[in-house]
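In my numbering, the protein residues as written are 7 to 342.
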Amino acid sequence: MLNENYSLKNLNTFGIDCYARWFAEYSSADELREIVGTDLYRNSPSMLIGRGSNLLFITDFEGVVLHSAMRAVKLIGHDKSSVMLEVGSGVLWDELVEHCVRNGWWGIENLSLIPGEAGAAAVQNIGAYGVELCDVLESVKVLDLSTGQEISLSVEDCGYGYRKSIFKTSARNQFAILSVRLRLSRQPRPCFKYPHLEEEVLKRGEVDLATIRRTIIEIRTAKLPDPEVLGNAGSFFMNPLVSASKLEKLQKVFPAIPNYPADNQQVKIPAAWLIDQCGWKGKSMGKAGVYEQQPLVLVNQGGATGKEIAELAAAIQTTVANQFDISLVPEVNYIG
Ligand code: EPU
């Protein structure tokens with residue numbers, strides 16, 4: 007059941023060569039309960055991993071790494087206007103999107119091609135092109151790792167915000183996600199909030215699910231490197247939120263600073279722009295690089311260590327702080 011000294015190279019999209027002291031997969035709540043009941047688990051540090059599309063291993067993990075192999079997608083309800091799906095935490099996210107697009111279910115097509123699995127998607131509240139997972143999420147079934155109890159959390163219980171949830175904050179390491187319930191629409195419901203998306207879709211065809219998915223895939227692949235080819239974890243930092251008064255101050259010095267309204271009267275500034283202005287685009291430090299087409303993405307140019315990537319990230323944070331007085335917060339979780 008538990009594998010010793012297990013390579014995580016294929017379980018982190020940065021492709022960092024690192025190991026878990028112990029590794030275990032579970033395909034049901036009962037199997038997971040059994041693992042977390044062992045002395046080895048109780049006496050070791052532990053972590054849950056999806057496809058590692060948002061992780062940076064600085065060191066090996068000297069404990070138990072758990073991975074979900076719960077891969078069922080069940081249609082558990084439907085009416086004229088919507089369907090309700092229960093999706094196992096180990097389902098590959100983009101395979102789910104493809105399945106939904108094929109069946110004519112609207113809601114997650116803008117989240118096409120996001121790497122990772124459904125459980126991690128609910129931890130991170132993945133978002134892209136105007137849609138966030140919490141927009142279609144009904145509830146999350148979890149196993150409480152200290153009591154072994156199964157609990158259903160409503161979307162409100164999960165405390166979702168921009169790349170935020172209780173699974174990353176107050177309930178960090180408390181729960182393992184078993185499955186997520188999504189409500190998707192059977193009626194066309196395109197989301198064209200992202201600038202120029204509608205235009206891009208119309209250039210390619212009709213406003214239908216297949217064309218929207220194809221458009222998103224083309225936009226993403228033009229901007230973001232394929233982790234199979236160049237190790238990366240998508241956006242390395244979150245887009246910073248600043249107050250309106252802070253924006254006003256910045257605009258006096260940088261009149262072209264792009265910004266978008268966000269919640270609580272704050273504004274979001276694209277971290278990519280800040281990093282670009284500091285001259286980091288295409289630069290590298292050792293084997294860690296800043297992607298030429300999208301400077302918010304840090305890449306493993308081949309054989310980089312987690313430490314090298316973290317050093318590049320720290321250097322970027324320092325220059326952005328010095329030039330703009332803004333601290334960039336990593337979206338990627340550091341391990342070690
Ligand atoms: N920009 C530059 N220089 C560049 C590239 C971009 O200045 O070389 C600026 C431009 O002002 C551009 C802006 O950055 O308008 C925004 O760029 P983009 O639309 O590509 O999106 P982003 O803000 O960089 C966010 C998400 C992505 C998501 C896209 C699309 C975060 C941290 N990132 O990126 O999510 O795919 O929007 O919705 O919120 C991820 O989280 O891993 C991820 C890829």
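Quick reminder that beta carbons are idealized off the backbone N, C-alpha and C, glycines included.
- Taking 8 Å as the cut-off, the Cβ atoms of Val142 and Leu203 do not count as close.
- Counting C-beta atoms within 10 angstroms of its own C-beta, Ala78 has fewer than 16 neighbours from the protein chains shown and is therefore classed as exposed.
- The beta carbons of Gln329 and Cys284 sit about 6 Å from each other, so the pair counts as a contact at 8 Å.
- The C-alpha of Val97 is placed about 15 Å away from the C-alpha of Gln130.
- Where Asn109 is concerned, the enclosing alpha helix (DSSP H) starts and stops at 99-109.
- In this structure, DSSP gives Lys287 a state outside helix and strand, which the three-state scheme calls coil.
- Sequence-distant partners of Glu68 (beyond 5 residues in either direction) whose C-beta falls short of 6 Å from its own C-beta, in its chain, are Arg27.
- Per DSSP, the continuous beta strand (DSSP E) segment holding Val186 begins and ends at 181-191.
- Note on geometry: alpha-carbon atoms of Asn306 and Trp111 lie some 36 Å from one another.
- Contact between the stretch 284-301 and the stretch 212-219 is absent: fewer than three C-beta pairs spanning the two stretches fall below 8 Å.
- Judged by the Cβ position, Ala134 qualifies as a neighbour of the ligand EPU at the 7 Å threshold, a heavy atom of the ligand being closer than this.
- Pairing Ser191 with Ser118 gives a Cβ-Cβ distance that is not under 8 Å.
- Annotation note: the stretch 200-286 contains the following uninterrupted alpha helix (DSSP H) runs of length 4 or greater, listed N- to C-terminal: 203-210, 215-229, 250-259, 277-283.
- Rounded to whole angstroms, the gap between the alpha carbons of Ile82 and Ser95 is 16 Å.
- In this structure, the CA atom of Ile225 is about 30 Å from the CA atom of Met76.
- For Met244, the CB falls within less than 7 Å of some heavy atom of the ligand EPU.
- Note on geometry: alpha-carbon atoms of Tyr166 and Thr175 lie some 11 Å from one another.
- Distances from the alpha-carbon of Glu162 to those of Leu46, Val146, Lys258, Leu151 put Val146 closest.
- Val305 carries a strand assignment under DSSP once its states are collapsed to helix, strand and coil.
- In the DSSP assignment, Ile322 falls outside any beta strand (DSSP E) and lies within the alpha helix (DSSP H) extending over 312-330.
- The closest CA to that of Lys252, considering only Phe243, Ile263, Asn16, is found on Ile263.
- Contact between Tyr135 and Asn109 fails: their C-beta atoms lie close to 20 Å from each other, not under 8 Å.
- Asn16 counts as exposed, since fewer than 16 other beta carbons sit within 10 angstroms of its beta carbon.
- Residue range 124-130 is occupied by the alpha helix (DSSP H) that includes Gly125.
- When Arg48, Gly56, Ser158, Gly342 are compared, the shortest CA-CA separation from Gly125 is found for Gly56.
- For Glu337, the shortest C-beta to heavy atom distance toward the ligand EPU is below 7 Å.
- Our two residues, Gly237 and Arg210, have alpha carbons roughly 30 Å apart in a direct line.
- Counted as a single uninterrupted DSSP element, the beta strand (DSSP E) harbouring Ala26 occupies residues 25-32.
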